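Student: Protein chains in written order, with our numbering: chain E, 1 to 277; chain F, 1001 to 1302.
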Amino acid sequence: MNHKTRKLIYNILFYMGSALLVVVVTIPLYWMISTSFKSKGALMALPIQWIPKNPTFNSYKKVFSLFPFARAIANSAFITVMYVVITVLSASMAAFAIAKIRFKGAGVIFAMYLASMMIPVQITLIPMFIIMNKFSLINTYTSVISPAVFKAFAVFLLVQNMRALPDDYLEAAKIDGAGMFKIYKDVIMPMMIPTVATLSITTFMEAWNDYLWPLVMLSDKNKMTLTLALNTLNGQYDTEYNVLMAGSLISMIPIIIIYIIAQTQMKQGITVGGVKG
Amino acid sequence: MTNMSKEKKRIIQAIPFMLPSIIGMVVFSFLPIIMATALSMTDWSGLEKFTIHTIPEHFIGLENYAHLLTHQEFWNTLLHVIYYIVLYIPLGFVFSMIIALILNTEKKFTGVMRVLFYIPVLTSWVAASLIWKWVLSSQYGVINSIIGIFGMKGPDWLTNKYWAMPGIVLASVWKDMGYYGLYIFGGLRGIDPTYYEAAKVDGAGKFRTLISVTMPLLSPTLFYCLIMSLINAFQLFPQVLIMTEGGPNGATQVMVERIYTYAFSYFKMGYAASYSWLLFLIILILTLAQLKGQKAWVHYES
């Protein structure tokens, strides 16, 4: 086999693999969209309808009538935004103290933060349930949002990036008589915008798609997030896939839009890592 | 003296900045771990009020652990996770690698591809599970319809005890491959182009370069992906709860699903807590392997 044929074979295999992969990714998404426009009867039609014969918007209307779905969207939006804001504020303040004030003991505290990253959420689940119950916070937004105050990974990310900032800025601001809070707000944070943006996106994804913690905390229909709303619909109407698919699609759109905006805003492209939904 | 007061001043300056985070660490990390440890040695149900007396009143020592380790159920959940891993790792590796290679061609369409491959990652597990439950429907699902085109009959995926886990694996690979693909792509970008030039000079073809140059240089990245996949495999949860609820006949029961069920359906909080400690132990071992491996790889590179 000469060089050219080998290259050709490689290219053919590569493009076939790519095409296959695109199909694999797209089919479930396409099937969701297609199903959401079907009537209940068309769901059970055989052979299956790849393109709905009589497309209808009924499932979209039904999602909102079967469940306070608009409410769930608002709940998700509120909880997620609060979660992101609290994570960024609390983590950036702690990171500032660790990386820039460099008080005695900062190293020990940072090591504890790193160690706590190894602890899986499942182990803290039951005790946190008990704690929330003690404070009568079950079925409140606070219970879902408050754990944002301690996100070890966020602190880690911010400390790494703040350490890379030269101390000259800080010293200059100090000489100008700026207090620590002013330095944090006006000197350090403006330089951290790229990191904060990446952190906000990953945290947004995490909070928007979170399942286990809200599931344990919220049982009131009017307080449920989108993932819980979908979960509840699945429990009650588990054969009405047109409705479930419409709901799924609605839940996906905001996060996809935010991701695309973030991608185009940051030219070098963000590497959203470390967090999985 | 001045040094001392300077240090003191720094601590005082740091306090307001550290306070929210430290309180969070105590309430949401320290205290829960202590409580989980204590609870794991009790037979507390979770239905009675939790007070300061709960632990001593319900204390049973290491009985929960003994019960867990001597009963088939725990070992079965481990077997289920291993079944998942054996299918998930090779499939996930091949697909993620292809995604990384596609993105690395830097052709015009890769921007669109990047978003497309990332859509499953952005999707919540609840939505993804619902989509896949329907995709895998044995009668009305797309997968079996496609299999049907080739004249074969697809399995009853989620209702068959042998096929339920492969069904969950398909959904998981679909959801995760964009994440790992993008991560490996980052690794590919980090490879010094002079290696490729050297390979070209030596007359290596594309496939040869991939196997002999790219893969070894990529091994730290791939090792990280492997460990992360393993950790995530042991934490398998939402897809199982929504797609099969651990069924059929317990064939897809996994650790987190058991923890959740024991705590919030069977009301055996103490037992669930001991379960979660065993999970933590497994994850800890994997994390330490990752840290150790990382050092070895870094050494290898230099």
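Idealized CB from N, CA, C, for every residue including glycine. Please read these numbers as outputs of a predicted model, since none were measured by experiment.
Can a CB atom of chain E be found closer than 8 Å to the CB of Leu1284/F?
Tutor: In the second sequence, residue 1284/F corresponds to position 284, counting from 1. Yes, Leu1284/F lies at the interface with chain E (some Cβ there is under 8 Å from its Cβ).
Student: How is Thr1042/F classed by DSSP in three states: helix, strand or coil?
Tutor: As a working mapping, residue 1042/F is identified with position 42 in the second sequence. Strand.
Student: On a CA-only basis, which of Ala91/E, Pro28/E, Gly247/E and Asn139/E is nearest Lys221/E? Give me that one, please.
Tutor: Taking the first sequence and counting its residues from 1, one reaches residue 221/E at position 221. Among Ala91/E, Pro28/E, Gly247/E and Asn139/E, the Cα nearest to that of Lys221/E belongs to Asn139/E.
Student: Using three-state DSSP, classify Gly273/E as helix, strand or coil.
Tutor: The count along the first sequence starts at 1 and reaches residue 273/E at position 273. Note that Gly273/E scores 39 on pLDDT, short of 50, meaning its location in the model is unreliable and no value can be drawn from it.
Student: Mind pulling the chain F residues with CB within less than 9 Å of Trp31/E?
Tutor: Stepping through the first sequence from its first residue, residue 31/E is reached at position 31. Within 9 Å Cβ-Cβ: Ile1131, Trp1134, Val1135, Gly1141 and Val1142.
Student: Report the CB separation of Leu1031/F from Tyr1275/F in whole angstroms; it is logged as a contact under 8 Å.
Tutor: Translated into the one-based positions of the second sequence, residue 1031/F becomes position 31. Translated into the one-based positions of the second sequence, residue 1275/F becomes position 275. Between Tyr1275/F and Leu1031/F the Cβ distance is about 20 Å, and since that is not below 8 Å, they are no contact.
Student: What residues of chain E sit near Ile1119/F, judged by a beta carbon separation below 8 Å?
Tutor: Mapped onto the second sequence, residue 1119/F falls at position 119. Here the neighbours are Val25, Leu29, Met252 and Ile256.
Student: With DSSP as the reference, identify every bridge partner of Phe1059/F, one or two as the case may be.
Tutor: Position 59 of the second sequence, counting from 1, holds the residue named residue 1059/F. Bridge partners of Phe1059/F: Thr1042/F.
Student: Does Gln268/E come out as helix, strand or coil in the three-state DSSP assignment?
Tutor: Your numbering for residue 268/E matches position 268 in the first sequence. Caution is warranted here: a pLDDT of 49 is assigned to Gln268/E, below 50, making its placement in the model unreliable, and no coordinate value can be reported.
Student: Measure the beta-carbon distance from Met1243/F to Ser1129/F and round it to whole angstroms, keeping in mind my assumption that it falls under 8 Å.
Tutor: Here the question's residue 1243/F lines up with position 243 in the second sequence. Here the question's residue 1129/F lines up with position 129 in the second sequence. Sure, about 5 Å apart at Cβ, within 8 Å.
Student: Using CA coordinates, which residue listed in Ala1038/F, Trp1044/F and Gly1246/F is at the minimum distance from Tyr1162/F?
Tutor: Taking the first residue of the second sequence as position 1, residue 1162/F is located at position 162. Closest option to Tyr1162/F, Cα to Cα, is Gly1246/F.
Student: To the nearest angstrom, how far is it from the Cα of Glu1007/F to the Cα of Asn161/E?
Tutor: Here residue 1007/F refers to the residue found at position 7 when the second sequence is read from its first residue. Here residue 161/E refers to the residue found at position 161 when the first sequence is read from its first residue. Answer to the nearest angstrom: the Cα atoms are 24 Å apart.
Student: Check each residue of the segment 1188-1212 of chain F: if its Cβ is closer than 7 Å to any Cβ of chain E, include it; give the result in chain order.
Tutor: Those would be Gly1205, Lys1206 and Phe1207, in chain order.
Student: Just the chain E side, please: which residues come within less than 7 Å of Met1243/F by C-beta, in chain order?
Tutor: Here residue 1243/F is taken as the residue at index 243 of the second sequence, counted from 1. None at all; the shortest Cβ gap to chain E is about 10 Å.
Student: Run down chain F in chain order and give the residues with a C-beta less than 8 Å from the C-beta of Leu230/E.
Tutor: Start at 1 with the first residue of the first sequence, and residue 230/E comes out as number 230. By Cβ distance, chain F contributes Ser1124, Val1126, Ala1127 and Leu1130.
Student: Check for me: the alpha helix (DSSP H) holding Lys4/E runs from which residue to which?
Tutor: Position 4 of the first sequence holds residue 4/E. Taken as a continuous stretch (DSSP letters only), the alpha helix (DSSP H) holding Lys4/E covers His3 to Ser36.
Student: Closer than 8 Å, CB to CB, is Lys38/E near chain F or not?
Tutor: Here residue 38/E refers to the residue found at position 38 of the first sequence. Cβ-Cβ to chain F under 8 Å: no for Lys38/E.
Student: What does the Cβ neighbour count give for Tyr1088/F, buried or exposed, with the cut at 16 atoms within 10 Å?
Tutor: Against the second sequence, residue 1088/F aligns to sequence position 88. With 16 or more Cβ atoms within 10 Å of its Cβ, Tyr1088/F is classed as buried.
Student: Please report the straight-line C-alpha distance between Gly1024/F and Pro1248/F, rounded to a whole angstrom.
Tutor: In the second sequence, counting from the first residue as 1, residue 1024/F sits at position 24. In the second sequence, counting from the first residue as 1, residue 1248/F sits at position 248. Taking the straight line from one Cα to the other gives about 40 Å.
Student: Determine, for Ser219/E, whether the minimum Cβ-Cβ distance to residues of chain F falls below 8 Å.
Tutor: What you label residue 219/E is simply residue 219 of the first sequence in a count that begins at 1. No, no contact with chain F.
Student: If Leu43/E sits next to Tyr237/E, beta carbons under 8 Å apart, how far is it from one beta carbon to the other, in whole angstroms?
Tutor: By one-based count along the first sequence, residue 43/E stands at place 43. By one-based count along the first sequence, residue 237/E stands at place 237. 12 Å between Cβ atoms; not a contact.
Student: Using a Cβ cut-off of 8 Å (strictly closer), state whether Met16/E contacts chain F.
Tutor: Taking the first sequence and counting its residues from 1, the one referred to as residue 16/E is at position 16. It does not; no Cβ of chain F falls within 8 Å.
Student: In the DSSP assignment, the alpha helix (DSSP H) including Pro1238/F goes from what residue to what residue?
Tutor: As a position in the second sequence, residue 1238/F is number 238, starting the count at 1. Pro1238 to Met1243 is the span of the alpha helix (DSSP H), which, as asked, contains Pro1238/F.
Student: Between which two residues does the alpha helix (DSSP H) carrying Pro1220/F extend?
Tutor: Taking the second sequence and counting its residues from 1, one reaches residue 1220/F at position 220. Note, Pro1220/F: alpha helix (DSSP H), Met1215 to Phe1234.
Student: Report yes if the CB atom of Val1135/F is closer than 8 Å to the CB atom of Pro28/E, and no otherwise.
Tutor: Numbered from its first residue, the second sequence carries residue 1135/F at position 135. Numbered from its first residue, the first sequence carries residue 28/E at position 28. Yes; because the gap between Cβ atoms is below 8 Å, this pair is in contact.
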